[in-house]
Amino acid sequence: AVPMNLAVGVVCGIPPELALVSAAVAAPVAALFGGSTLGITGPATAISVVVGQAVAVHGMVALPVVTLVVGSLQVLTGMCGAGHLAKLTPRPVVAGFTTSVGTMVLVSQAHRFLAVAPPDAGSNIPESLIHLVAFLPETDLASAAVGAGTLVGLLLIPRLLPSAAITAPILSVGAATAATTFLGVPVPLVGDIPITALNELLKVPTLSTDLLPLLSTAGLVYGLASVEALLSAAAVDKMKKTQFAYDPGQELIGQGLANVTSGFVGGPPVSCAIARSGLNA
13 AVPMNLAVGV VCGIPPELAL VSAAVAAPVA ALFGGSTLGI TGPATAISVV
63 VGQAVAVHGM VALPVVTLVV GSLQVLTGMC GAGHLAKLTP RPVVAGFTTS
113 VGTMVLVSQA HRFLAVAPPD AGSNIPESLI HLVAFLPETD LASAAVGAGT
163 LVGLLLIPRL LPSAAITAPI LSVGAATAAT TFLGVPVPLV GDIPITALNE
213 LLKVPTLSTD LLPLLSTAGL VYGLASVEAL LSAAAVDKMK KTQFAYDPGQ
263 ELIGQGLANV TSGFVGGPPV SCAIARSGLN A
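Pasting the structure below:
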């Protein structure tokens, strides 16, 4: 989950260490109070694009506002038994949404893969693709080689070593990191991850009436995060049966408490994701 958390932090445009802290404090809360024994909670790709847009417009102060509102709504609706409503969501809608988010993340981060100048803020997919094509001659070959090697590792390890399939992400990222460090490959780095004092993290965020437009964004994130969490938890529960029955209402409450916890450390919204939870199955 560590590579995924770092990646989501980069996509959201927030310090990667904040995504790690959010996962560290939110995951135990969701595990203790949620309705699934197999779900793993943390920053999620499906909502990263929406969160990233909010941060780009309003700055880092948008994070705790959105996260706290999302968490509060999840707790309230979970107590009202709304968790069962996720079953009414058509699968094509979920599939279309996740595919579009995956495409947006891929296109928006391709400039990092090639180590070229990023597209203008707010660029749509066609504009970003045109920008990438224009800057292809400036591709950093070392960066592209490291990125391609990591991608190949992610694809080949599960096929060549099925028993190591669940460790493919950490093995691929770890090998690429070690190679660039010890061989001195000149590629852009995520940066240092400083040790943040606990008393600086556990603080009540400052809210402002200027952030009221974020309520609509929070409502959208609430819907997306809730549906993703409930469907992911339900899917992983079917993949591996346990002695505990999956409770979608309780899972929504657990997700809400996890988001409230993340909000109080200034972190992004979190969600149970099948990419992480599938490891428990």
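Whatever position you read off the sequence shown (first residue = 1), add 12 for the working numbering. Each residue gets a CB set at the ideal place from its N, CA and C atoms; glycine is no exception. Please read all numbers here as calculations on a predicted model, not as lab measurements.
Would L201 be called buried (16 or more neighbouring beta carbons within 10 Å of its own) or exposed?
By 1-based counting over the sequence shown, the position of residue 201 is 189. When all chains shown are included, L201 counts as exposed.
CA-to-CA distance, C284 to V37, given in whole angstroms:
Within the sequence shown, the letter at position 25 stands for residue 37. Within the sequence shown, the letter at position 272 stands for residue 284. The alpha-carbon of V37 is positioned some 14 Å away from that of C284.
Which residue's Cα is closest to the Cα of A232: I59, V22, T193 and L44?
Counting from one through the sequence shown, the residue named residue 232 turns up at place 220. A small correction: the amino acid at residue 232 is Leu; Ala does not occupy that position in the sequence shown. The closest CA to that of L232, considering only I59, V22, T193 and L44, is found on I59.
Work out the CA separation of L85 and V277 for me, nearest whole Å.
The residue you call residue 277 lines up with position 265 of the sequence shown. The residue you call residue 85 lines up with position 73 of the sequence shown. Near 18 Å, if we compare the C-alpha coordinates of L85 and V277.
Check T89 in the structure and name its three-state DSSP category.
Here the question's residue 89 lines up with position 77 in the sequence shown. Note: T89 maps to helix in three-state DSSP.
Going straight from the alpha carbon of G235 to that of S140, what length do you get?
By one-based count along the sequence shown, residue 235 stands at place 223. By one-based count along the sequence shown, residue 140 stands at place 128. Using only the alpha carbons, I get a separation of about 27 Å.
How big is the Cα-Cα spacing for A230 and P174?
Position 218 of the sequence shown, counting from 1, holds the residue named residue 230. Position 162 of the sequence shown, counting from 1, holds the residue named residue 174. Going from the Cα of A230 to the Cα of P174 covers about 40 Å.
Which one or two residues does DSSP pair with C284 in a beta bridge?
Locating residue 284 in the sequence shown gives position 272, counting from the first residue. For C284, which the question treats as bridged, DSSP gives the partners T53.
Coarse secondary structure for T229, derived from DSSP in three states:
Indexing the sequence shown from 1 puts residue 229 at position 217. Helix, per DSSP.
Quick check on DSSP: helix, strand or coil for F194?
For the purposes of this step, residue 194 is taken as the residue at position 182 of the sequence shown. Judged by DSSP in its simplified three-state form, F194 adopts helix.
In terms of residue numbering, what span does the alpha helix (DSSP H) encompassing H70 cover?
For the purposes of this step, residue 70 is taken as residue 58 along the sequence shown, with counting starting at 1. Following the DSSP letters along the chain, one finds H70 inside the alpha helix (DSSP H) bounded by residues S60 to H70.
Integer-rounded CB distance, given that A35 should sit under 8 Å from V185:
Here residue 185 corresponds to residue number 173 of the sequence shown, with the count starting at 1. Here residue 35 corresponds to residue number 23 of the sequence shown, with the count starting at 1. The beta carbons of V185 and A35 sit about 16 Å from each other, so the pair does not count as a contact at 8 Å.
What residue from V158, G47 and L172 has the CA that sits closest to V199's CA?
Looking up residue 199 in the sequence shown gives position 187. The candidate whose alpha carbon is nearest that of V199 is V158.
Buried or exposed: where does E240 fall if 16 or more other Cβ atoms within 10 Å of its Cβ makes it buried?
Translated into the one-based positions of the sequence shown, residue 240 becomes position 228. Buried, because 16 or more other Cβ atoms sit within 10 Å of the Cβ of E240.
Examine the Cβ distances between the stretch 254-265 and the stretch 89-100 and report whether three or more of them are shorter than 8 Å.
In short, these stretches touch, since the Cβ pair count reaches three.
Are I286 and A237 closer than 8 Å when you measure CB to CB?
Against the sequence shown, residue 286 aligns to sequence position 274. Against the sequence shown, residue 237 aligns to sequence position 225. Cβ distance not < 8 Å, so I286 and A237 don't count as in contact.
Rounding to the nearest angstrom, what Cα-Cα distance links Q65 and N136 in this structure?
For this step, residue 65 is matched to residue 53 along the sequence shown. For this step, residue 136 is matched to residue 124 along the sequence shown. Approximately 12 Å between the Cα atoms of the pair.
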